[in-house]
Each structure stands twice: as C-alpha cells, then as structure tokens.
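Worksheet for the structure shown next.
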C-alpha cells in the first residue's frame, strides 16, 4: 500500500515525508534548546545534539499528527501528501526516534533530563485533536513546548535548573503565547464555523488582540525586570526593545501580516538574547 498520496516510488515517498518539515515553526523549538545549552557555562556538543534531535522528532510528530487529523480524520484540508498509512508509519518512526533520544538522555545525563524532554512529545502528539480545541491549551501548547526545550537544553548541560533558565523559559512562554493568539486570529471565521474555540473565537477578535499584546508587553517587562535584578545580563534589555519595535509595527497590521512580523521579530529577539548571554559586552561596566 502506498505511503505517499497520488504518487509511488521512493522519491515520492521521501518528498512526502520531507514536506512535513516546516522550518518557520520548527526553528524556534530547536533554537530554544540550543539557547538553553548556551546559557550553561559549557556546552557538550554531543549532548546538545542529542537533545535537539529529540526536540526535532517531537515537533515533526506534531506537524505530522496535525496534518493527519485535519485531512484524514476531520476532513478539513483539501489534500495531504501522505496516505493514512503513511501518516501512521511516520508517527511511529518519529515517536521511536524521540523515545530513543529520551532514553539516551536518561542514561547519559539523568532522569530529570528525560523528564524535561518527554512532555514535549506529549504536547506534540496530543495537540490535535485534543489540545487545539481549548482556548488555553491551543494557545499555550506550542510556547510551552519551546519553554521546555529551553529548560531541557540547559539542564542537559548544567545538570541543574538555574533562575536564569527558568526566567527565560517564562519569558518565551508568555511572549509566544501572545504571538499564538494573533496567529490563531487568522482563522477566526473558519474556526468559528467548526466550533474550534481559540482565544479569538472565545473572546472575539478585538479582545483577543488586546490579550495578545498584553501578554507580549508583560513578557518584555519581565525581561527588563530580570535584567534590573541581574538575573539576566543587562544587555537583554536590547532584545526587549528590538521586539517592542516589531510589535508596534505589527499592532497596526492584520492578523496575517502581524503574525509574519511577530514570528520574525521573535527570531530577532532570540538572536539578541544569544548575543547578550554569550558576550555580555556590558559586564565589565557593571
């Protein structure tokens, strides 16, 4: 039985599975895991790579399961590159890869490293059709996975959870939850027609917009507060300022353009944070 829809052959099958790699939404969890590793005093490359493979497998599972549910279960999408059998096989393989990586983290680090990593797959696998129907879990699932990726990346290197790692995980959870509310608002009409309760559907677009930017402002204020308390390096304030500029531009745009700006703004935010943590150029002046 064919694994790819409408085509046969090894090349068609590989292309179908590769189509489930979505760089825009896969990059942040991987980058967060790497950022967590950078926050530690030293980086063991092999352990960092093992953790990142686990996170990739979890996110791949999420995209594959989401497409499977939307097309083969709910019938919402017009097409899908994989057959039902192809989706099930892909889920089995990605889950097996994740389980192997998590087991190795347990053996090479300890059970806490595995415990911080395992929930990312749980969130990924159950995003559809369980978590994406509730306003809270639909909004926080992806950001929570990124926060756990950051914490796991740090713990794998440091063997402990420090306040700086917890602080950054909190910031990403709140900031990205705000972005997710804007992202979900793009599908307001459709989600409302199928009774899918995102924040926009539950509160209405105007209130959802206010909630989203309230969350983002809160996250930026947390960055400034932690920088003032010297939990974060002082230069992390620059990341908050950079994202604030992007958010100000996005606030005047529609949901589609706003999402594009905010997602890319989050990349800038992370890049400046990496610079601040890695180099701490103002440390000598403090």
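Residue numbers (this note's numbering): 15 to 300. We put the CB at the ideal spot given by N, CA and C, even for glycine. Given the structure is predicted, the values throughout are model-derived calculations rather than measurements.
The beta-carbon separation of residue 157 and residue 191, rounded to 5 Å, stays under the 8 Å limit for a contact. Around the beta carbon of residue 22, fewer than 16 other beta carbons sit within 10 angstroms, so the residue counts as exposed.
In the structure shown, residue 93 falls within a coil segment according to DSSP collapsed to helix, strand and coil. In the DSSP secondary-structure assignment, residue 18 is bridged to 96.
Close CB contacts of residue 34 within its chain, under the 8 Å cut and outside five residues either way in sequence, are with 74, 77, 78, 81, 95, 96 and 104 (chain order). Runs of the alpha helix (DSSP H) spanning 4 or more residues and lying entirely within the segment 20 to 93 occur at 24 to 32, 37 to 53 and 59 to 82, in chain order. Out of 66, 198 and 181, the CA that lies nearest to the CA of residue 277 is found in 198.
Here residue 209 carries a coil assignment [DSSP, helix/strand/coil]. A check of alpha carbon separations from residue 201 across 90, 69, 58 and 30 identifies 90 as the nearest. Judged by DSSP in its simplified three-state form, residue 249 adopts coil rather than helix or strand. When the alpha-carbon of residue 152 is set against those of 162, 161, 140 and 179, the nearest one is in 140. Per DSSP, residue 174 lies in no alpha helix (DSSP H) segment and is marked neither H nor E.
With contacts defined as CB atoms closer than 8 Å, residue 166 and residue 47 qualify as a contacting pair.
Of 282, 115, 144 and 39, the smallest CA-CA separation from residue 254 is found for 282. Counting C-beta atoms within 10 angstroms of its own C-beta, residue 174 has fewer than 16 neighbours from the protein chains shown and is therefore classed as exposed.
Taking a contact as a CB-CB distance under 8 Å, the pair residue 128 and residue 119 counts as one, their CB atoms being some 5 Å apart. Measuring C-alpha to C-alpha distances from residue 241 to each of 168, 290, 72 and 150 identifies 290 as the nearest. Around the C-beta of residue 144, fewer than 16 other C-beta atoms lie within 10 Å, and the residue is accordingly described as exposed. When the Cα atoms are used, residue 148 and residue 187 turn out to be separated by approximately 17 Å.
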